[in-house]
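Numbering (our numbering), first residue to last: 233 to 1234.
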């Protein structure tokens, strides 16, 4: 990736800025802290991958604005692209991808943001995490690669080398293997099920034969049963006609019986009605007298009903007025009771207030005592304010004396311990010199082994390239053999033509073409066998070289430890040369401290004596202050009581003013209540209504007696009315009774005639019933036989279908066996392919090949930065802690050594750690630039220079100049003023009015 132009709008601290990369090869981005230097580089990462240091997506928008936009133009393999990313507050992000053509920029944006992002990653062949761990030395995250776990480092390195495709292929192979495994499992279960089903075929054949014999017997029985049923039906038909006549006569007999019963009931009713009329005729005089008395009582009741209506109306009006009068009386009584309760409450409150007012003299005396106690307390507190600073000063001086003596004792002990330690080192100087000489000899021997190891590695790489060439030739020969086999198959088909001229072949030409193709195939097979032999030999050579390389590597693995030991010994030897003057200086300093401890500090003694004299003069005692505070708390209740007394006096005066008014209100209400009962309009209206009710003279008891007499005569009145109706119907009743008696005699004669006919046909009916029962039994028997036959036929059809299904299953079983063999073969192939493409296969071999180059390049750059004081070593395998497993653990440990030995990465200072990270990042970037994977032509170094001293900064600048030809653009961010002068091109970033601005200085 080569940057072309960066345009920012409302992004982080920038409102509007444009950064063209034309002419920027090795440049410095400089400015004050917080000016916005890192924001330029964050804009590139945000535009390409949507990642930034902001915790929320809306935080990238400039404060007060509604949207932010970054446009980034870059080139990849000669093609220019443009990425535009836009973010609006509380909305989704918009991402556009464009490619430059002759007509301008053309959109490559996908259907979704994720699809567009994947296209950008495909074009760059670089994701965000790979970018920040290689080409972008991000602020505060320079140790991104070193801080990762060993397994994550190896995965990251594989991603940088473009080995992710192997993992993708391995995962695809594993998926295919799992698919084939699942298909094999399903197919095996299916074949087992088919085998179990096919084992039932002999049993089904025997069941089918037995069922055929049973069906034939049942068909014969059904035919015989049908013949007997036809004969019985003919006999039953004759008797059925006689049965119908018998049933018809029975219906006529039942109908006549019902009719006769109805006629007899009607005759009885008419006779009863005639008897009732005769009885009423005997009572006729009494009934006429009762009717006359009923009519006179009815007239009197009508008059009383009119009086009762008027009485009810006057009574309702009086009740309403009486209810209103009672309601007004209750309201006045309720108000009067409320005033009495209020008067009682005020009287009780007066009694309570009088008790408090009697305590007035006692409260006044307590207040005077409280004032005297407070005056004494203020005097004691003023004395405390004077004494307290003196006490603090006394404690401070005593503490200073103790601390000074403790510091002197600690310094003396420290110097004595240091003197003993340095004295022991001086005594070890001859042994250190001898050890340095011995380790130097061992290092020279191992350095020669390192040179031999490089030769073995080059030889192994050469054998590996030769192996790849042989494999390519083998694939080419196998492709040609496949083409020849296809030709031979075409020649074996009827009507084959010449593969060259496409003309039909006669027998002679056919044999010639066949021999020529066979000869070519034989020649190719021989070549394949030769290549396979060469492959086997080359593989063995590579294995031998690998074992030899590992053996040498194991031997020289001690080189780092020897460097550490020699550095430590040299440093110890160098430090012992100047120890004797230091020992003399330490002895003098110890003697001076002993003298100071014996004399003691004199400067604070006089000040302590002055403070103690002043404290004695003031004669301050904490007990007096405590007693004064207790007295104040003792009489503090008088203040609260004084407030209560004043409030009680005000309330007492108010109550005395309210009592006369309440008594006047009570007297007025009593007068209103008396007037309401006597002279009010409601009382006068009630008196008038009582007079009207007395004048009406309505007697409810007399009215009730008349209504009771009417009810008693009501039955006689109804009997008289019935007698009048019976006198008018008497002739018609006699005529109807005579007609009904004649009709009854005719119906009884007809019933006797039908009864005689039924007796004659009864025997024939019993015979027909017996025949019907026998016929039903025969039909049920025939139906059962037919149902049994149908069930057997259905079972026969089911067995036939099952046997046909077994024939089809047998064919499926044979095909399944062939498919299973093919699936097992494919499963084994993909398992082997997944193992070869996995992380312990081809990617591991490639990493093993790349790591020596990366280690050498890192140490080369680190040597230039540290004057060969630091050394880095990559370890890809580590033995297990338990001895049960002999296979080593795959890892990517990084060992760092200096003159003091191998130490953890965290123990190095900020400057040393930055140099290590910087060297590793530069080595990774150069490695990527040399490979055909990610084309990283852009290097960013964000801060880190501030941790370096002047010499370290010079070495960093020299390293940048050395690798500059391999990159199209290198940007270094710093705020150190002296360092920016080392760059010919600078991007000055300033912040004015809350917004960042940039300018390019060349």
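Glycine included, each C-beta is placed from N, C-alpha and C at the ideal position.
In DSSP terms, what residue i is bridged to
i	result
residue 305	237 and 314
residue 1125	1107
residue 582	Partner(s): none; residue 582 has no beta bridge.
residue 910	Answer is none; residue 910 lacks a bridge partner.
residue 1203	259 and 1172
residue 662	Note: residue 662 sits in no beta bridge, so no partner.
residue 319	300 and 325
residue 249	240
Per-residue DSSP class, three states only, for residue i
i	result
residue 1116	Summary for residue 1116: the model assigns pLDDT 46, below 50, so the residue's position carries little reliability; its value from the coordinates is reported in the next sentence. Three-state DSSP puts residue 1116 in coil, outside helix and strand.
residue 758	helix
residue 397	helix
residue 1208	coil
residue 297	coil
residue 1131	coil
residue 1223	strand
residue 1095	helix
residue 740	helix
residue 1024	helix
residue 325	strand
residue 693	helix
residue 244	coil
residue 1236	Residue 1236 is absent from the model: the chain starts at 233 and stops at 1234.
residue 344	coil
residue 368	strand
residue 639	helix
residue 591	coil
residue 283	coil
residue 254	coil
residue 349	helix
residue 332	strand
Cβ neighbours of residue i in the same chain (closer than 8 Å, five flanking residues each side left out)
i	result
residue 294	242, 243, 244, 245, 246, 247, 300 and 1227
residue 605	860, 863, 864, 866 and 867
residue 1217	255, 256, 257, 258, 259, 260, 1232, 1233 and 1234
Spatial neighbours of residue i in its chain, beta-carbon cut-off 7 Å, leaving aside the 5 residues before and after
i	result
residue 861	609
residue 467	1003
residue 1042	430
residue 828	640
residue 312	236, 305 and 332
residue 409	1059, 1062, 1063 and 1066
residue 874	595 and 599
residue 525	945
Cβ-Cβ separation, residue j to residue i (assumed contact under 8 Å), whole Å
i	j	result
residue 1214	residue 1189	5 Å
residue 904	residue 571	With a Cβ gap of about 13 Å, residue 904 and residue 571 do not count as contacting.
residue 682	residue 825	With a Cβ gap of about 53 Å, residue 682 and residue 825 do not count as contacting.
residue 1106	residue 1087	5 Å
residue 1127	residue 1108	Not really, about 12 Å apart at Cβ, beyond 8 Å.
residue 488	residue 955	Actually they do not touch by this definition, with Cβ atoms about 39 Å apart.
residue 675	residue 798	7 Å
residue 629	residue 840	5 Å
Nonlocal neighbours in the same chain, by C-beta distance under 6 Å from residue i, ignoring five residues either side
i	result
residue 626	843
residue 252	237
residue 303	239 and 316
Legend entry - Stretch-stretch touch, CB-based, cutoff 8 Å, three pairs: the segment 916-925 with the segment 544-560: yes
Legend entry - Cβ contact (3+ pairs, closer than 8 Å) linking the segment 685-692 and the segment 782-791: yes
Inset, instruction - Would you be able to state if there are at least three C-beta pairs under 8 Å between the segment 1043-1063 and the segment 444-461? - result: no
Legend entry - the segment 760-775 touching the segment 691-707, judged by at least three CB pairs closer than 8 Å: yes
Inset, instruction - Report yes or no: do the segment 438-446 and the segment 1058-1075 share at least 3 C-beta pairs separated by less than 8 Å? - result: no
Inset, instruction - Would you check if there are 3 or more beta carbon pairs closer than 8 Å linking the segment 570-585 to the segment 884-894? - result: yes
Legend entry - Segment contact flag, the segment 1199-1207 with the segment 269-280, C-beta cutoff 8 Å, min 3 pairs: yes
Inset, instruction - May I ask you to verify whether the segment 252-262 touches the segment 281-296, counting CB pairs closer than 8 Å and requiring at least 3? - result: no
Inset, instruction - Please confirm if the segment 537-544 is in contact with the segment 924-931, defined as three or more CB-CB distances below 8 Å between the two stretches. - result: yes
Legend entry - Contact the segment 1086-1103 vs the segment 1145-1158: 3+ CB pairs below 8 Å: yes
Inset, instruction - Taking 8 Å as the threshold, find out whether the segment 324-342 comes into contact with the segment 350-358 through three or more Cβ pairs. - result: yes
Legend entry - At least three beta-carbon pairs within less than 8 Å, the segment 957-970 to the segment 507-525: yes
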